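In what follows, a structure is listed as structure tokens, so that the remarks can point back to it.
Numbering (full-length UniProt numbering), first residue to last: 1 to 306.
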């Protein structure tokens, strides 16, 4: 018999996937009526008699697809991941989607090693910020592409301070800036694409032969543009990355190990949560509206107060 326990939700994150799910545009549609939200952290407030590894007061992440935007939930022990209490709650609330996506892209598809290079667009996104910090932990170079904007120099400085090796705007991808960069670091083995359209094609131009393009988003809402020559002459590989599918194909133990690996990086002070804003749950409309605005990098973390 599986044991159930009751938790109260404390903080939960608002990701683009949450909006896509509500719009009916996500890869996995829930049975209606449904609760939104894929990511959050909660405190356990009641236990069943046979729970072994979780206690009252433990902080946990629901590893289930039934939605976390709620004040309370009842779960079996095997659908929860216990979180180290040393972690800041805002880190725990944002660890399960974006940092996990960044980690598996860096380590699961290509045998990356110290001194290698990856290139990514949308570098100011939550995944992009996680890529920068995790790559720095593994001593992997990053070329980080962002869109031009009024505060571009400030954003460049922020991403550089996070650990980005190079930060460039899109129009610099076809400039001597890239020639100078590749005098200092090798061509990328990996490209991470969350934008699509022409931006993805520009990443491919700079990949090493037999490089791999991993697509995990399409923020431009444009089809992926592919240079045919890159496939034929450079033997590039194009793959999709979806954390939901990864979890389906891996055991709970694998997921726990992934979360723990990231938590260890955070505890060493080598990774911090993405830029974020705490929003009371009753102001959720404001948070969702803000998260859909252009050029907004900060995460909207909804706070469920007791």
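Glycine included, each C-beta is placed from N, C-alpha and C at the ideal position. Values in this document were obtained by computation on a predicted structure and should not be read as measured data.
Straight-line Cα distance separating residue 262 from residue 188: Working through the chain shown from its first residue, we reach residue 188 at position 188. Working through the chain shown from its first residue, we reach residue 262 at position 262. The straight-line gap from Cα to Cα measures roughly 23 Å.
Considering only their Cβ atoms, is the gap separating residue 258 from residue 241 smaller than 8 Å? Within the chain shown, numbered from 1, the residue matching residue 241 stands at position 241. Within the chain shown, numbered from 1, the residue matching residue 258 stands at position 258. Result no, Cβ atoms of residue 241 and residue 258 do not sit closer than 8 Å.
Applying the criterion that 16 or more other CB atoms from any shown protein chain within 10 Å of the CB defines a buried residue, is residue 191 buried or exposed? Taking the chain shown and counting its residues from 1, the one referred to as residue 191 is at position 191. Buried: at least 16 other Cβ atoms inside 10 Å.
Inside the segment 60 to 132 only - beta strand (DSSP E) runs reaching at least 3 residues: 72 to 76, 80 to 82 and 117 to 120
- Check residue 288 in the structure and name its three-state DSSP category. Walking along the chain shown from the start, residue 288 turns up at place 288. Reduced to three states, the DSSP call for residue 288 is helix.
Exercise for review: Would you kindly report the start and end of the unbroken beta strand (DSSP E) that includes residue 277?
Suggested key: As a position in the chain shown, residue 277 is number 277, starting the count at 1. Start and end: 276 to 280.
According to DSSP, is residue 303 helix, strand or coil? The residue labelled residue 303 in the question sits at position 303 within the chain shown. Reduced to three states, the DSSP call for residue 303 is strand.
Q | CB contact flag (residue 66, residue 35, <8 Å) | A | Translated into positions along the chain shown, residue 66 becomes position 66. Translated into positions along the chain shown, residue 35 becomes position 35. Yes.
For residue 181, which residues in the same chain have their Cβ closer than 6 Å to its Cβ, ignoring the five residues on either side in sequence? For the purposes of this step, residue 181 is taken as residue 181 along the chain shown, with counting starting at 1. Answer for residue 181: 166, listed in chain order.
Near residue 103, what residues of its chain come up, given a Cβ to Cβ distance below 7 Å and the 5 sequence neighbours on each side ignored? What you label residue 103 is simply residue 103 of the chain shown in a count that begins at 1. So the qualifying residues of the chain are 134, 258, 261 and 262.
Close beta carbons around residue 176, own chain, < 7 Å, minus the five adjacent residues each side:
Counting from one through the chain shown, the residue named residue 176 turns up at place 176. Within the same chain, residue 176 has no close Cβ partners at all.
Thinking residue 112 and residue 132 are a contact (beta carbons under 8 Å), I'd like their distance in whole angstroms, please.
Within the chain shown, residue 112 is the residue found at index 112, counting from 1. Within the chain shown, residue 132 is the residue found at index 132, counting from 1. 14 Å between Cβ atoms; not a contact.
**OP:** Can you give me the start and stop residues for the beta strand (DSSP E) that residue 139 sits inside?
**Re:** Counting from one through the chain shown, the residue named residue 139 turns up at place 139. Looking at the DSSP string, residue 139 is not in any beta strand (DSSP E), and its letter there is neither H nor E.
Quiz item: For residue 15, does the three-state DSSP call read helix, strand or coil?
Solution: Taking the chain shown and counting its residues from 1, the one referred to as residue 15 is at position 15. In this structure, residue 15 counts as coil in the three-state DSSP scheme.
Taking 8 Å as the threshold (C-beta atoms), are residue 56 and residue 96 in contact? Taking the first residue of the chain shown as 1, we reach residue 96 at position 96. Taking the first residue of the chain shown as 1, we reach residue 56 at position 56. Their beta carbons are not under 8 Å apart, which means residue 96 does not touch residue 56 by this criterion.
| If you draw a straight line from the C-alpha of residue 63 to the C-alpha of residue 272, how long is it? | For this step, residue 63 is matched to residue 63 along the chain shown. For this step, residue 272 is matched to residue 272 along the chain shown. Their Cα atoms are separated by approximately 22 Å.
Indicate whether the contact test is met: 3 or more Cβ pairs, each with one atom in the segment 41 to 50 and one in the segment 72 to 92, closer than 8 Å. yes
Check whether the Cβ atoms of residue 109 and residue 212 sit closer than 8 Å, and answer yes or no. On the chain shown, position 109 is the one that residue 109 refers to. On the chain shown, position 212 is the one that residue 212 refers to. Yes, these two residues count as a Cβ contact at 8 Å.
Exercise for review: Please look up how many angstroms separate the CB atoms of residue 123 and residue 146, rounded, as I've assumed it's under 8 Å.
Suggested key: Taking the first residue of the chain shown as position 1, residue 123 is located at position 123. Taking the first residue of the chain shown as position 1, residue 146 is located at position 146. Contact holds; Cβ gap of about 5 Å.
* Excluding five sequence neighbours on each side, which residues of the same chain lie with their C-beta closer than 6 Å to the C-beta of residue 298? -> Counted from its first residue, the chain shown places residue 298 at position 298. Answer for residue 298: 275, 276 and 277, listed in chain order.
Cα-Cα separation, residue 246 to residue 255: Taking the chain shown and counting its residues from 1, the one referred to as residue 246 is at position 246. Taking the chain shown and counting its residues from 1, the one referred to as residue 255 is at position 255. Taking the straight line joining both Cα atoms gives about 9 Å.
Notebook entry, point to check: With distances taken from CA atoms, which of 208, 286, 82 and 203 is nearest residue 253?
Noted result: One-based indexing of the chain shown puts residue 253 at position 253. For residue 253, the nearest C-alpha among the options comes from 82.
Where the alpha helix (DSSP H) through residue 247 begins and ends:
By one-based count along the chain shown, residue 247 stands at place 247. First-last of the alpha helix (DSSP H) with residue 247: 243 to 249.
*asked:* For residue 223, tell me which candidate among 302, 196 and 216 has the shortest Cα-Cα distance.
replied: Within the chain shown, the letter at position 223 stands for residue 223. Closest option to residue 223, Cα to Cα, is 196.
Considering residue 182, what are the terminal residues of the beta strand (DSSP E) in which it resides? Mapped onto the chain shown, residue 182 falls at position 182. Neither: residue 182 is in no beta strand (DSSP E) and is coded neither H nor E.
In the DSSP assignment, find the beta strand (DSSP E) that holds residue 45 and state where it starts and stops.
Numbered from its first residue, the chain shown carries residue 45 at position 45. Segment 40 to 47, the beta strand (DSSP E) holding residue 45.
Sheet register partners of residue 192 (DSSP bridge): Here residue 192 corresponds to residue number 192 of the chain shown, with the count starting at 1. Beta-bridge pairing links residue 192 to 120 and 214.
> Are the beta-carbon atoms belonging to residue 234 and residue 203 less than 8 Å from one another?
Replying inline: On the chain shown, position 234 is the one that residue 234 refers to. On the chain shown, position 203 is the one that residue 203 refers to. No. Outside cutoff.
Subject >> residue 224, DSSP secondary structure in three states >> reply: In the chain shown, the residue the question calls residue 224 occupies position 224. Correct three-state label for residue 224: strand.
| task | Could you tell me whether the Cβ atoms of residue 225 and residue 200 are closer together than 8 Å? | result | The residue you call residue 225 lines up with position 225 of the chain shown. The residue you call residue 200 lines up with position 200 of the chain shown. Yes, they are a contact pair.
I'd like to check one pair, residue 266 with residue 11: are the Cβ atoms closer than 8 Å? The count along the chain shown starts at 1 and reaches residue 11 at position 11. The count along the chain shown starts at 1 and reaches residue 266 at position 266. It is not a contact, given that the beta carbons lie outside the stated cut-off.
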